[in-house]
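Numbering (the numbering used here), first residue to last: 102 to 269.
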């Protein structure tokens, strides 16, 4: 492998889990998340010579977000069937698994924009200005969307405080 390929392979190993997890938080589906992360890595590899010495992770994260958001905009191509397929039994063997399932379900109650803002702001820990730039919206939109989304999450959690809550 060429030197750039080795660097890219190291980059993928270092960032794969986090990007895939972020995609899962956005989509709520493990397979869609894996596809989105793979697309992000494919597009990042195509631009690797430009981004490897800058912010490769930021570039991959932006590609991931854009890919997932594009998917939300596309018409759904799933069709209803007569019978629902059997769902696999889930065995909650760990509190973390239960919490992850709860968080994913709660995130699904948010709109696509609210979910994107919450994931970028609180999972990736981006400043509001960076979230606004990545989503192509104003800073005020990010602030109000984040506030609305966190209020919804607090109601779902049944608590007065959640992420950055004031505890009032």
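We put the CB at the ideal spot given by N, CA and C, even for glycine.
{"Check": "Cβ pair residue 198, residue 126 closer than 7 angstroms", "Outcome": "no"}
{"Check": "Cα-Cα separation, residue 241 to residue 187", "Outcome": "44 angstroms"}
{"Check": "Range covered by the alpha helix (DSSP H) that runs through residue 163", "Outcome": "157-174"}
{"Check": "Beta-carbon contacts of residue 308 that lie in its chain and below 7 angstroms, excluding the five residues immediately before and after", "Outcome": "Because the chain here runs from 102 to 269, residue 308 falls outside it and cannot be looked at."}
{"Check": "Element boundaries [alpha helix (DSSP H), containing residue 257]", "Outcome": "240-258"}
{"Check": "Neighbour-count burial assignment, residue 132, 16 or more Cβ in a 10 Å radius", "Outcome": "exposed"}
{"Check": "Cα-Cα separation between residue 119 and residue 182, rounded to whole angstroms", "Outcome": "35 angstroms"}
{"Check": "Three-state secondary structure assigned by DSSP to residue 111", "Outcome": "helix"}
{"Check": "Closest Cα partner of residue 209 within the set 257, 234, 163 and 160", "Outcome": "257"}
{"Check": "Where residue 122 sits in the DSSP three-state scheme", "Outcome": "helix"}
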